[in-house]
Structures are given as C-alpha cells and as structure tokens.
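Just so you know, the sequences run in chain order A and B.
For what it's worth, our numbering labels the leading residue of the first sequence as 1, then goes sequentially.
For what it's worth, our numbering labels the leading residue of the second sequence as 1, then goes sequentially.
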Amino acid sequence: MTDYEIVVGLEVHCELKTATKLFCGCANEFGAEPNTHICPVCLGLPGSLPVINRKAVELAMRIGAALECEIKPSIFHRKNYFYPDMPKDYQVSQYDEPINVGGHLELPDGSRVGIERAHMEEDTGKTTHVGQTGRIHGADYSLVDYNRSGVPLVEIVSAPDMRSAEQARAYVSELRAILVAAGASDGKMEEGSLRVDANVSVRPRGETAFGTRCEIKNLNSLRSLGRAIEYEAARQGALVDKGESVMQETRHWDEAKGKTQSGRSKEEAYDYRYFPEPDLVPLAPDADWQRDVAASLPPLPAARRAALATLAGVAPVDAAIVVEQDLDGMVHAAIDAGGDARIALKRAANEVAGRRIAEPAFVALVTMETNGKLSTSQARTVLAEILDAGGDGDPAAIAAAKGFEAMDEDALATIVDGVIASSPDEVEKYRSGEQKVLGALIAKVRDAGGDPKAAAAVLRAKLS
Amino acid sequence: MTATEIADAVRAGTTTARQVVEEHLAAIAARDPELHAFNLVTGDEARAAADAVDLAVANGQDPGPLAGVPVALKDNMCTRGIPTTCGSKILDGWLPPYDATVVQRIAAAGGVIVGKTNLDEFAMGSSTENSAFGPTRNPHDITRVPGGSSGGSAASVAAGFAPLAIGSDTGGSIRQPASLCGVVGMKPTYGLVSRYGLVAFASSLDQIGPFSTTVEDAATLLEVIAGHDSRDSTSLAQPAPPVRQEVTKGIEGLRVGVVRELLTGCEPDVAARLHEAADALSAAGAKVDDATVPAAVYGVSAYYLIAPAEASSNLARYDGVRYGLRVDGADITAMYGATRAAGFGAEVKRRIMLGTYALSAGYYDAYYGQAQRTRTLIIRDFDAAYENFDVLLSPTSPTTAFEFGAKADPLTMYLSDVCTIPCNLSGQPAISVPFGTDGAGLPVGVQVMAPALGEQVLFRVAAAVQRAAP
C-alpha cells in the first residue's frame, strides 16, 4: 500500500453577528419562532429590492483585516439555481470580485494556512425534510423557515494547505477564535454560525500534483470534521490502491454511519449562470473606513500567543491553551504584579485551563510562588484547593491554614549554612567549577526543610 | 380637463375629488369593456381616496400637487392587498403585502389610483397582445394595438379614463405605446424614480415614468414620483431636478440633433412628421442639425441579450413554492416545471430561454459580455453626440399603431423598439410627444432624448414640440 499524503482545503461559512440581515431590516436572530423575522425583501417577493447592511460590510472587512487579506472594491453577483429555501431562486453572493483577497492564518504550532478569499453572501432559509431519508428526495413533505434567509455570511476559502485532519481541526479552531475576537461571529458551530465544507484529496507522499478532490458537506463539529477527513482520505487511498480513480463530487458526511456518501449526481451538475447583481451598486470602502476597521481590531490569538511566549521565554505553542481559553489577561495581570512569567503561564496552562479562578486569587498565588513564599508543590496544592472551591479563595489564608508558613530568609540561610558546613566535598567540587553539584546541595536543603527553589540563589551567593 | 386643472380645481374647492373620480369611473364603465385598458378597476378604494382628499381640503389642508387627480397604474407595480398580476397567470391570487414607492408617493400627493392597467406579460412585448388576460385595444382604432408593454396605461389616458397613468419602460414600454396612442410618455434617467415595488423585468433597464395628455402634466407627475428612495440601491442620491417650471421656457439657441441612425426603417409618414417637428423647433429658435449615434444600431441586439438574461434570473422566483400558481408534480423539480409551463406565456418562456442561454457557462462572454461592451459603446456615442447637442430627436416608433397579429414574428415585433431601446441601454431620459398623424389618421410620436439627469432641457424641448404640433 502506498503512503498517501492528505491534502485539505476548507470553506468556512461564518454568519455575521449583525443586528439585522444583509439586505433588509429584519432581525438576525437564531432560534426564533419560524418565519417571524421576514419581510418582502428576505422573502424575495416580486418588486422587492436589496439594500446592503453597512455593519455587515464592516464585519466582513474586520474578517479580512484579521486574516491579513487585501480589502478590495467588490461587487455582488447572482448565483442562479432552484431550491425551495432560496426565495428568489438565486443567491446574492460575491464571485470574481470579492471584498477580501489573499491572506493567511497562523496556527499555534507555527504553521501557516493561506486564505484565498473571504467574500460576502446571503444565507438561505432552512429546510427540514420530513420523512425517512431526511433529504429532499424521498421526503414526505418539507418545511422551510425563512428567518435565516438573508442573514449575512462571509465565506472564508483557504488554500489547500492542510496536510492532516488534525491540522484542519486546528485551523477551524484558530479561525473560530479569530472570528470571535474580531467581533464578527459568535462562533457557535452547534447553531450553524460556523459551517465547514472540506475539500479533501490524497496523493502519494512526495508527489507535488494534487489528486482529484471531493467536497465534504454536513460537518457540524470539529469532531465530524476530523472523522470525515480521515474516512475520506482512507476511502480515496483505497480507490487509488485498487487502480480506480477518485470522482470529483460533493459528498455528504453521515455522522451516525461514520461515512461520506455521494451527494448530487453528475446529471444534476449545476451551471450557476453567475452575472453581476443589477439591484446593487459596487462596494468601495474608502481608505479611512478601512483604516478605522483595522485599527479597531483587538489583539488576535497569534499575537497574544507570541506576546506571552516572549515574556515567558517559551514557544508560542506553549501559550496556545491559555490564549484559547482567554486566560492570557489574567496571566499578564500576574506578571504585571511582579509574578514570574513562566510560573504564571505554567500555572494557567497546567492547572487553571478548563476551570475558573478569580483573577486576584491567581495573581496572589503566582506572586507568592515567585517570591519563594510557597514552594512549587505548595503552590500547586493551594491552587488546587482554590480551583476545587470554584475559583475563589485567599492563597495566603489557605497556605497559613495548611501550615505552609512562608519560610523567612534567615531560616533558609541557617539551613543553607548547615548544608555547606556538612558538605565539604560538594563545596570543593562546586568551587572548582563543577556546577552540577549544585543540584545535590539543593536536594540537601530541601531534605532539611528549605524551599529548593529559593535555595539555589542563596547557595550561589554563599559559595561565590 | 388636464391633471393640472383638476388639481387646481380640487385644491380651490371649485370641484371635489369625489366628483372627479366618479366622472372617470363612469367613463371607464362606459368604454373599458371595449378597450380592456384595465385588468382591475379599484372603484371602492378610489372613492375612499377621493373622499380623504376632499376631507383634507375641507379642513384647510393641501392634499398635494395631484389633489384628486385619477391615476391609472400599470399592473406590475405592487399595491397592498390589491391583486398585482403583471399580466400573467403565474401570479394568480397573489396579493402584495406592501405598496410600491411610486404608489405611496402618488397617494401622498393626493393622487387617486383608479385601477391596474393591462400590459404584456411581465412587460415583455410591444403590443399588449402578450397579456394573459387578452389584449388592450387602441382607443383611436380598436382594430389596432395600443403598443406595449404599458398599453393599458397609454390607452387609459388616450381614452380619458384617467388624465395620468404610470408605466414602466425597459426598452420603450412607456414611449412606444404613448406614441401609438397619441399621448405623452416619458422615461426618466435610470435611478431617478425608485423601482421599489416595480416587479422586475430587467433590473438594469427598468424605469418607471408618467403618461399624460400634456407635457406639463407629465412634468407634474414626474416631480411627484422622482427622488431618492433608501429602499432602492440604484436610486440616485441627489435631489430630482424640478421640471414643471421648464415647460413655459423658450428653446432659443438650444442645439437639437436629429439622429440619423434612428430614421432608417421608419414609415415615410413617421419620418415626415419628425422632419416637420425639427423644422418647427428650428422656427422656434433652436439650432437643428443632423446627429449621429453610430452604436445605436446595435441597440436591439444588445438589448435582447441583456434584458432576457436579467429576466431569466428575475423570473426564477415564480416557482410555485410560496405564492401564485402551483401545478403539482411528482417531486419538486416536476412541480417547478409544471407550474412554470402552465403559468408563463410563450413570449416570457422565449425570453427566459434566451437569457438562460446567454448566461450559460461557455457562452457568457460571447453573449452577455459582448452585449455589455456594446452598451458601453452606445453610452460613449451618446456622450459624444451630447458634446454638440443639448437634446437629440428621433421618431419614437418606426410605425404607427398596427393591427392585431400583424407582427406575429417575434423579431419583427422586437424592431418596434429600435428607436427607444438605446436610451434604456444608456440610462438617459427620453420622452415621446404626439406630433400629428399618418395618412390614416393614426397618431405619430416624436422622441426627445437628453443626457443623464437632463430632464430640465428635455421638458423644455418637449413642451416646444407640443406647442408646434399640428
């Protein structure tokens, strides 16, 4: 069997977090009673006309700026096809002149994924096919909710730069964080705020040409994305191994069966007959507006990781969990209060991640550990107690209750003096340049009840 | 009485809007069974609107410049709760939940809408023979067509059913029937009048405009309906130029160009009337000369790609899913097909197929793309002509009103709009003013054209044509 490399490109549809829809004043709200946020425009009634929502354009530009795209003058096209959840039987979308072109996204592991474009379009209504198949063919009847019709979307199209299911998941995860940070999306995949289609192909490792790709739809979670890519890559690899070829097609992920299944047949292949939407005028955001939008962006995850990593002297990937969980503000607060950056980052990443702690408690704890008032193991014990109590508590009081009285410097100095006096051989070796014996001396200080962390500095000072 | 005279009398209290509307409803009742200008006469709503105008006058309020004036509305503009058919079976039973912007503006100006006028289905045609509800007859000769597609609106003004009417003009659908019915019909600059609530045929060409018996009345109605509308993205932001003041001004020194290319193929009587009109303008002090707009000859070809392309998309929504006609089928695809097969007439189907083909992968550039480039050429040639002329002159229609069935061949019918189409492609304003008759006594129209937003000079010259008309 050949060793295949997986090639993945993703198309992510992001619903914009606007108050109103893309072309009318109806509320953009998930979960309302069906067909209550509708009007002649989003129902596509005869005679109605679209008017662009300025806020949606602004959010699209924020996405572009966050992905380091070039923001360009753009126009809308009509994508023509018949479907009952699309009231005009065409979708207003951007085609060959999109608003955001060429950008990239940096993953926590430092790899980069290119962004080909991030264009605006309107969402369709939501169809529920009632019947055994759950699909339009074979349905007993279908229900359509037009509340979603005309909701603003930005479709973010990546380059085929990903090489594993894991990397694809990391990309979506990172993109979601960026979209949320940029204020463009609520990031809720379960509500369909982010919808992912995956273009998957395989090629023998070392080959530079791409294989034939399939587009996988119906990926409603990071888990299905990963499973679908792995299933699909294996399916395609097996086909090629058998000497068969992969047919370019749209495939549907069946979460229950854990399989992708062929979607539209070739006979139904659509010619969308794109042409410029005559009911809208070109979008040409001026330079001032673009500047304002870019300037209003908060620090994005990659920058936040880098900032923390630099302070702590670690790799950006080590700051990933802290930034992903929005704990970096708290870590910075601890550092600003005099805490050691590496200690602060380590406590946040290893202990706090996934749980809650009040910022003052975290800052106090990190400061105490940094100042040697708590040993590493004591600090972790105190932190665990605070976290178990729901995140509130006074580290000093807990430490006192546990008898972790801070050892004062005089007491430590006395212990260190005793260790030096009783270890002439080690002291001799250290002074002759064999620095690694310091570890043995620190161990003796620890055994004598001193804080090993603080001991190193005291030992060095006394032996120099 | 002209619209202006009616509004003055109603505002002065010398007559009532109710009396005016009753007279016009009586005229409709007497002769519309013969002409079929209306798909629907909205007598009750008209009486209620007239009573509201009279009440305002009684209370010392000014109902507006159209106080009590009956207005006939082309049946492709949305009226809340009142059927809007577009002359098609496919909208059977549909009641719009909203009023078009023009409808709101007419009501706000005191106008009284008396009914919905007949048209070629979805405004596709030049004779009103394509209406699913039967043709409208020309009031001057009921064996002949009124022109189209706004044939019902033109006929209603010509027959005295209403002093004013509203039409839509995509390739000449106001001006050509105005010419054939002997009334004034005007297409404004694209974007001057909101299209919100006008059921789209070809969005980049459609424009709403007035019909009337006098140029002054057309100016009055245009002032009411023109102006920015935030619900139409293609609506122009700047204030509409006032035009009513222009109709009494002279035309001394204005440069008038007679477009050579638009005279070829005209009936001799039509060409003769045009030259007489040009001579009359010259006599009134204008400088008249020959003008050339070379690319105008490609207008019909470009139009019959662009308009059907946009129409094929605009008319996709009539799919039987939520409103209008539905013919059931075994599955949704069959339902779409059966509904559209039964709901659309032959001409609409022809244009949907033309447009679908023109936009298809592999053909887009050769057809739609090429047509758009031709459109750019036409604009360029008009712009060049307007460097030498303030307005341009041509016949409105190459022929006078023709008999029913005389242009059964689609291509022959399409050529009816050869003189009017170029201004739709260029977006520039144009007006048709009656100027005499042919040998058979049928009305001839003269078309005056002006640069974009040149409505003021357009109305000045149109008024001069009207004054000189035999």
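Think of the CB as a built atom: it goes at the ideal place given N, C-alpha and C, for glycine as much as any other residue.
Q) For Gly-343 (chain B), which three-state DSSP category applies? A) Here Gly-343 (chain B) carries a helix assignment [DSSP, helix/strand/coil].
Q: State the DSSP-derived secondary structure class of Arg-117 (chain A), mapped to helix, strand or coil.
A: Arg-117 (chain A): strand per DSSP, three-state reduction.
Q. Name the chain B residues whose beta carbon is nearer than 9 Å to that of Ile-52 (chain A)?
A. Simply Ser-233.
Q: For Thr-14 (chain B), count neighbouring Cβ atoms within 10 angstroms of its own Cβ and tell me buried if that reaches 16, exposed if not.
A: Thr-14 (chain B) is classed as exposed because its beta carbon has fewer than 16 other beta carbons within 10 Å across all chains shown.
Q.
So Arg-195 (chain B) contacts chain A; which residues on that side make the cut at Cβ distance below 9 Å?
A. What Arg-195 (chain B) touches in chain A, judged by beta-carbon distance under 9 Å, is Gly-47, Leu-49, Asp-279, going in chain order.
**Q.** the region 12-29 of chain B in contact with the region 108-124 of chain B per 3-pair CB rule at 8 Å
**A.** Contact holds: three or more Cβ-Cβ distances are below 8 Å.
Q | 7 Å Cβ cutoff met for Ser-204 (chain B) and Pro-40 (chain A) | A | In this structure, the beta-carbon distance from Ser-204 (chain B) to Pro-40 (chain A) does not fall below 7 Å.
Q.
Here's the rule I'm using: 16 or more other beta-carbon atoms within 10 Å means buried, otherwise exposed. How should Gln-61 (chain B) be labelled?
A. Exposed: under 16 other Cβ atoms inside 10 Å.
**Q.** Straight-line gap, Arg-350 (chain B) to Phe-344 (chain B) (C-alpha atoms, nearest Å)
**A.** Cα to Cα, the separation comes out at about 10 Å.
Q: Taking the CB atoms as reference points, tell me whether Pro-395 (chain B) and Cys-419 (chain B) lie closer together than 7 Å.
A: The Cβ atoms of Pro-395 (chain B) and Cys-419 (chain B) sit closer than 7 Å to each other.
(Q) Between which residues of its own chain and Ala-271 (chain B) is the CB-CB distance below 8 Å, once the five residues before and five after are set aside? (A) For Ala-271 (chain B), the CB contacts under 8 Å within the same chain, skipping 5 residues up- and downstream, are Leu-263, Pro-395 in chain order.
Q: If I'm right that Ala-334 (chain A) touches Thr-367 (chain A) with Cβ under 8 Å, what's the distance once you round it to whole angstroms?
A: Indeed, because the Cβ distance is near 7 Å, the residues count as touching under 8 Å.
Q | Cβ neighbours of Ser-127 (chain B) in the same chain (closer than 6 Å, five flanking residues each side left out) | A | Closer than 6 Å at the Cβ level, and outside the excluded window around Ser-127 (chain B), lie Val-145, Gly-148.
Q. Just how far apart, CA to CA, sit Ser-193 (chain A) and Phe-30 (chain A)?
A. Computed Cα separation, rounded: 9 Å.
Q | Per-residue DSSP class, three states only, for Met-330 (chain A) | A | Met-330 (chain A) carries a helical assignment under DSSP once its states are collapsed to helix, strand and coil.
Q | C-beta contact flag for Val-215 (chain B) and Glu-261 (chain B) at 7 Å | A | No; because the gap between Cβ atoms is not below 7 Å, this pair is not in contact.
Q) If we ignore side chains and look at the alpha-carbon of each, how far apart do Arg-467 (chain B) and Arg-460 (chain B) end up? A) Rounded to the nearest whole angstrom, the C-alpha separation of Arg-467 (chain B) and Arg-460 (chain B) is 11 Å.
**Q.** Boundaries (first-last residue) of the beta strand (DSSP E) holding Leu-308 (chain A)
**A.** Unbroken run through Leu-308 (chain A) is the alpha helix (DSSP H), 301-312; no beta strand (DSSP E).
Q: With a 10 Å radius around its C-beta and 16 neighbouring C-beta atoms as the bar for buried, classify Glu-267 (chain A) as buried or exposed.
A: Interpretation of Glu-267 (chain A) is limited by its pLDDT of 46, a score under 50 that renders its predicted location unreliable; the figure taken from the coordinates is listed afterwards. The residue in question, Glu-267 (chain A), is exposed, as its Cβ has fewer than 16 Cβ neighbours within 10 Å.
Q) What's the call for Ala-209 (chain A), buried or exposed, on a 16-neighbour Cβ count within 10 Å? A) It is exposed - the Cβ of Ala-209 (chain A) has fewer than 16 other Cβ atoms within 10 Å.
Q | Counted within 10 angstroms of its Cβ, other Cβ atoms place Asp-75 (chain B) as buried (16 or more) or exposed | A | It counts as buried.
**Q.** Three CB pairs or more closer than 8 Å across the region 225-242 of chain B and the region 188-201 of chain B
**A.** In this structure the region 225-242 of chain B lies against the region 188-201 of chain B, because at least three pairs of beta carbons, one per stretch, are closer than 8 Å.
Q. Can you round the beta-carbon distance between Tyr-272 (chain A) and Asn-53 (chain A) to whole angstroms, since I take them to be within the 8 Å contact cut?
A. Rounded, the Cβ-Cβ distance is 24 Å, inconsistent with contact.
Q) Of all the CB atoms in chain B, is at least one closer than 7 Å to the CB of Arg-356 (chain A)? A) Closer than 7 Å: no.
Q) According to DSSP, which residues form a beta bridge with His-13 (chain A)? A) For His-13 (chain A), which the question treats as bridged, DSSP gives the partners A:Glu-155, A:Arg-195.
Q. Is His-252 (chain A) helix, strand or coil by DSSP?
A. In the structure shown, the three-state DSSP call for His-252 (chain A) is strand.
**Q.** Euclidean distance between Cα positions of Gly-472 (chain B) and Ala-295 (chain B)
**A.** Because chain B spans 1 through 470 in this model, residue 472 (chain B) falls outside it and cannot be assessed.
Q: Measure the beta-carbon distance from Val-446 (chain B) to Leu-377 (chain B) and round it to whole angstroms, keeping in mind my assumption that it falls under 8 Å.
A: The Cβ separation is near 26 Å, so there is no contact.
Q. Would you say Arg-148 (chain A) faces chain B, with C-beta separation under 7 Å as the test?
A. The beta carbon of Arg-148 (chain A) sits no closer than 7 Å to any beta carbon of chain B.
(Q) Can you tell me which residues form a DSSP beta bridge with Tyr-4 (chain A)? (A) Tyr-4 (chain A) pairs with A:Pro-204.
Q) Can you list the alpha helix (DSSP H) stretches of 4 or more residues lying completely in the region 368-419 of chain A, in chain order? A) Unbroken alpha helix (DSSP H) stretches of 4 residues or longer found wholly inside the region 368-419 of chain A: 376-388, 395-401, given in chain order.
**Q.** Close Cβ partners of Ala-284 (chain A) (< 6 Å) along its chain, the five nearest in sequence each way excluded
**A.** Around Ala-284 (chain A): Pro-73.
Q. Identify the residues that DSSP records as bridge partners of Cys-214 (chain A): which are they?
A. Here Cys-214 (chain A) is bridged, per DSSP, to A:Val-200.
Q) Out of curiosity, what's the CA-to-CA distance linking Ser-153 (chain B) and Ser-173 (chain B)? A) Just so you know, the alpha carbons of Ser-153 (chain B) and Ser-173 (chain B) end up roughly 10 Å apart.
Q. What is the rounded straight-line gap between the Cα of Leu-35 (chain B) and the Cα of Asp-8 (chain B)?
A. Here the alpha carbon of Leu-35 (chain B) sits roughly 30 Å from the alpha carbon of Asp-8 (chain B).
Q | CA nearest to the CA of Ile-6 (chain A), picked from A:Arg-213, A:Ser-158, A:Ser-164 | A | With respect to the C-alpha of Ile-6 (chain A), the residue from A:Arg-213, A:Ser-158, A:Ser-164 having the closest C-alpha is A:Ser-164.
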